[in-house]
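Mapping the sequence shown onto the working numbering, position 110 (from 1) lands on 128, and the numbers just tick up by one.
The block underneath contains the structure these notes are about, expressed in structure tokens.
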Amino acid sequence: MSSFMGVALVVAILFVIFVARTIRVVPQQTALIVERVGKYHATLAPGAHLLVPFIDRVAYKHILKEVPLDVPSQICITRDNTQLQVDGILYYQVTDAMRASYGSSNYVLAITQLAQTTLRSVIGKLELDKTFEERDFINHSVVSAIDQSAQNWGVKVLRYEIKDLTPPKEILHAMQAQITAEREKRALIAASEGRRQEQINIATGEREAAIARSEGDKQAVINRAQGEASSVLAIAEATASALRQIGAAVTSPGGVDAVNLRVAEQYIRAFNNLARTGNSIIIPSNLSDVGGMIATALQIVKQQGAAKA
């Protein structure tokens with residue numbers, strides 16, 4: 019009985035081993051390379067597969083997901099003979115599991131070495147300042163160069179990204195000094211532009227103020243001229259009206275006598291005002307004219323009195 023149990027146990031173990039080597043389940047995003055009698059036989063896609071025990075074997079297993087690969091940092095020499103420490107990261111994906119198994123003994127190492135050599139070549143064509151500005155160009159150049167070679171390895175290089183560019187400390191200090199000088203230069207230019215604009219604004223304001231003052235003076239002169247013209251016109255109109263009234267009075271009966279009387283009165287009043295200046299008395303040279311003027315005035319008054327009686 020015990021020997022029977024031992025045989026059954028051995029058979030059960032062999033059956034389990036047989037089933038395990040016959041049925042193989044492949045996970046998603048995974049590819050298995052099967053060799054039959056030491057020769058490539060098939061590539062197993064995700065799902066369940068049957069293998070021939072002890073004849074078929076899984077030789078390689080590949081992950082079909084996108085894989086990030088850290089590229090070790092290295093020293094590169096720029097076009098202007100400056101050392102530059104560069105490190106980056108590479109993203110690749112296995113697209114052909116059979117080529118990835120038999121195209122290269124170690125495609126990961128091959129991709130890493132090719133990325134480093136291509137990076138040194140690309141940076142060697144650029145000056146130091148350009149390396150910081152042309153990151154996209156460097157990344158694209160590395161991807162293009164690796165992708166052409168990686169096709170034979172069943173690998174697709176998706177992208178390359180530079181993580182850090184580190185120049186020597188002396189270069190960093192010089193670059194910092196240059197940046198500081200550029201900032202100071204821009205500050206001085208901005209300040210000078212501000213002063214220039216300030217002077218322009220002041221000059222513009224003074225010019226506009228002068229124009230406004232001249233316009234005001236011009237308008238004031240015009241207003242005074244118009245006022246004086248109006249005054250002269252009013253005086254002329256008043257004088258003309260007075261003359262018309264005088265003319266009408268002269269043509270009326272007794273008008274001439276009235277005019278003579280008015281003139282005599284004005285003459286006497288003017289002579290009175292001019293004759294006394296301080297303590298001096300002015301006597302006209304022809305006193306007969308004064309007497310004649312007074313006699314004429316008295317005669318006119320008598321005539322006016324007789325006419326009223």
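All C-beta atoms, glycine included, are put in the ideal place defined by N, C-alpha and C.
Please read all numbers here as calculations on a predicted model, not as lab measurements.
Spatially closest choice to residue i from the options, by CA coordinates
| i | options | result |
| --- | --- | --- |
| Y109 | A195, I141, T40 and H158 | H158 |
| E139 | E226, V126, I156 and Y125 | The question names Glu, but residue 139 is Ser in the sequence shown. S139 has its Cα closest to that of I156, out of E226, V126, I156 and Y125. |
| R42 | H59, A63 and Y125 | A63 |
| K57 | Q47, Y78 and Q46 | Y78 |
| T40 | T48, R54, Q47 and Y178 | R54 |
| T149 | D98, A115 and M116 | D98 |
Rounded distance between the beta-carbons of residue j and residue i, thought under 8 angstroms
| i | j | result |
| --- | --- | --- |
| T113 | G172 | 6 angstroms |
| V76 | V52 | 6 angstroms |
| L50 | T96 | Going by Cβ atoms, the distance from L50 to T96 rounds to 46 angstroms, so no, they are not a contact pair. |
| I141 | C94 | 4 angstroms |
Residue environment, residue i, which counts as buried when at least 16 other CB atoms sit within 10 Å
| i | result |
| --- | --- |
| P74 | For the record, residue 74 in the displayed sequence is Asp; it is not Pro. Buried: at least 16 other Cβ atoms inside 10 Å. |
| I31 | exposed |
| S119 | buried |
| T136 | buried |
| G106 | buried |
| T257 | exposed |
| T222 | exposed |
| L146 | buried |
| A163 | buried |
| A247 | exposed |
| A115 | buried |
| Y178 | buried |
Inter-residue Cα distance where the pair is residue i and residue j
| i | j | result |
| --- | --- | --- |
| S91 | I129 | 15 angstroms |
| K83 | V70 | 28 angstroms |
| N297 | A252 | Low per-residue confidence applies at N297: pLDDT is 48, beneath 50, and the placement is therefore not dependable enough to give any value. |
| L305 | E255 | Residue confidence for L305 is low, a pLDDT of 49 falling below 50, so the modelled location carries little weight and cannot support an answer. |
| A133 | V44 | 32 angstroms |
| Q169 | I189 | 39 angstroms |
| V89 | H80 | 20 angstroms |
| L2 | L68 | The requested residue 2 does not occur in the structure, where the chain is confined to residues 19 to 327. |
| Q217 | S232 | 22 angstroms |
| D235 | V250 | 22 angstroms |
| V239 | E226 | 20 angstroms |
| F72 | L87 | 36 angstroms |
| L206 | G245 | 58 angstroms |
| V126 | Q47 | 18 angstroms |
| R117 | V160 | 22 angstroms |
| R262 | R242 | 30 angstroms |
| A260 | I220 | 59 angstroms |
| L124 | E151 | Looking at the sequence shown, residue 124 is not Leu but Asn. If you take the alpha carbons of N124 and E151, they lie about 34 angstroms apart. |
Beta carbon of residue i nearer than 9 angstroms to that of residue j
| i | j | result |
| --- | --- | --- |
| L102 | T198 | no |
| L176 | Q131 | no |
| P186 | T100 | yes |
| D182 | K174 | no |
| I180 | R153 | yes |
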